[in-house]
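In the numbering used here, the protein residues as written are 584 to 782. C-beta atoms are modelled at their ideal positions from N, C-alpha and C, and glycine is treated no differently.
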Amino acid sequence: MIFTLRPYQQEAVDATLSHFRRHRTPAVIVLPTGAGKSLVIAELARVARGRVLVLAHVKELVAQNHAKYCALGLEADIFAAGLKRKESQGKVVFGSVQSVARNLDAFQEEFSLLIVDECHRIGDDEDSQYQQILTHLSKVNPHLRLLGLTATPFRLGKGWIYQFHYHGMVRGNDNALFRDCIYELPLRYMIKHGYLDAA
């Protein structure tokens, strides 16, 4: 089955490519639930020049993101104990945060892009599994690009997960892991254009 990107999905992909051509700063894409983040991830992994690691916090998301990528007619590895697969040599690897963090020695080869699904879950603690992975991959490749995707860029008790919005607003502070929100799709757009039912 061949998937065609919806216009906003293509815009999110284009915004990412444009950002990383000019900057190395961590970036975030905000898409509402139901907007098809996994297809955006699949397309970004497909067009990336180097190797890509896609992280998710539960095995169901790992499997879903992997399936969407494979639906493009491509092959990718899975590194997730919960899915009983630990492959880490492919151009594209879909992994669970827990499994990758516990097996960093399996990730000695260079990745050019780290994509984190549900990236609002990344904690500020340097000892967190996300931070361990990011630190390790950045040592292997100091030019590693970091992209996060989320539907919820504001965390209670923490604030915004990014500092600057592409419409010009300053949201978070210097401590925000992600510097730039490079694309955001309002829920009302999805409803207005018939992608979601206003139930």
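Which runs of the beta strand (DSSP E) spanning at least 3 residues fall entirely within the segment 597-679, listed in chain order?
610-613, 635-639, 660-663 and 675-679
Excluding five sequence neighbours on each side, which residues of the same chain lie with their C-beta closer than 6 Å to the C-beta of Q712?
The residue labelled residue 712 in the question sits at position 129 within the sequence shown. For Q712, same chain residues with a beta-carbon under 6 Å away, outside a window of 5 residues either side, are V680 and A684 in chain order.
For D700, list the residues DSSP reports as bridge partners.
In the sequence shown, the residue the question calls residue 700 occupies position 117. Beta-bridge pairing by DSSP links D700 to L732.
Within 10 Å of its beta-carbon, does V630 have 16 or more other beta-carbons around it, so buried, or fewer, so exposed?
As a working note, residue 630 is residue 47 in the sequence shown. By the 10 Å Cβ count, V630 comes out exposed.
Nearest by alpha-carbon distance to T733: which of G751, P769, Q715 and N756 is it?
Reading the sequence shown from its first residue, position 150 is the one you call residue 733. Closest option to T733, Cα to Cα, is P769.
Taking only the alpha-carbon atoms, compute the straight-line gap between E626 and P590 and give it to the nearest angstrom.
Residue mapping note: residue 626 aligns to position 43 of the sequence shown, counting from 1. Residue mapping note: residue 590 aligns to position 7 of the sequence shown, counting from 1. So the alpha carbons of these two residues sit roughly 13 Å apart.
Closer than 8 Å is the cut-off here; do at least three beta carbon pairs connect the segment 732-751 with the segment 610-619?
yes
Mind checking whether Y766 and A595 have CB atoms under 8 Å apart?
As a working note, residue 766 is residue 183 in the sequence shown. As a working note, residue 595 is residue 12 in the sequence shown. Against a cut-off of 8 Å, the Cβ pair of A595 and Y766 comes out as a contact.
What are the partner residues of V753, as DSSP defines its beta bridges?
Within the sequence shown, the letter at position 170 stands for residue 753. Answer is F747, bridged to V753.
What number of angstroms, rounded off, separates the C-alpha of M773 from the C-alpha of Q647?
Stepping through the sequence shown from its first residue, residue 773 is reached at position 190. Stepping through the sequence shown from its first residue, residue 647 is reached at position 64. Cα atoms of M773 and Q647: separation of roughly 21 Å, rounded to the nearest angstrom.
Counting along the chain, where does the alpha helix (DSSP H) carrying Y713 start and finish?
Position 130 of the sequence shown holds residue 713. Looking at the DSSP string, the run of the alpha helix (DSSP H) that includes Y713 is Q712 to V723.
Please report the distance separating the alpha-carbon of A782 from that of C764.
The sequence position of residue 782 within the sequence shown is 199, counting from 1. The sequence position of residue 764 within the sequence shown is 181, counting from 1. Its pLDDT being 44, under 50, A782 is placed unreliably by the model, and nothing is read from it.
Give the C-beta separation of F662 and S671 to the nearest angstrom, bearing in mind that I take them to be a contact with Cβ-Cβ under 8 Å.
To locate residue 662, count along the sequence shown from 1; it is residue 79. To locate residue 671, count along the sequence shown from 1; it is residue 88. With a beta-carbon spacing of about 5 Å, F662 and S671 fall inside the 8 Å limit used to define contacts.
Beta-carbon gap between L697 and L636 smaller than 8 Å:
Numbered from 1 along the sequence shown, position 114 holds the residue referred to as residue 697. Numbered from 1 along the sequence shown, position 53 holds the residue referred to as residue 636. Taking 8 Å as the Cβ cut-off, L697 and L636 qualify as a contacting pair.
Beta-carbon separation (whole angstroms), S695 vs G619, contact threshold 8 Å
Taking the first residue of the sequence shown as position 1, residue 695 is located at position 112. Taking the first residue of the sequence shown as position 1, residue 619 is located at position 36. Wrong, their Cβ atoms sit about 24 Å apart, outside the cutoff.
In its own chain, which residues sit with a C-beta less than 6 Å from the C-beta of K669, not counting the 5 before and 5 after it?
Walking along the sequence shown from the start, residue 669 turns up at place 86. These residues qualify, in order along the chain: F662.
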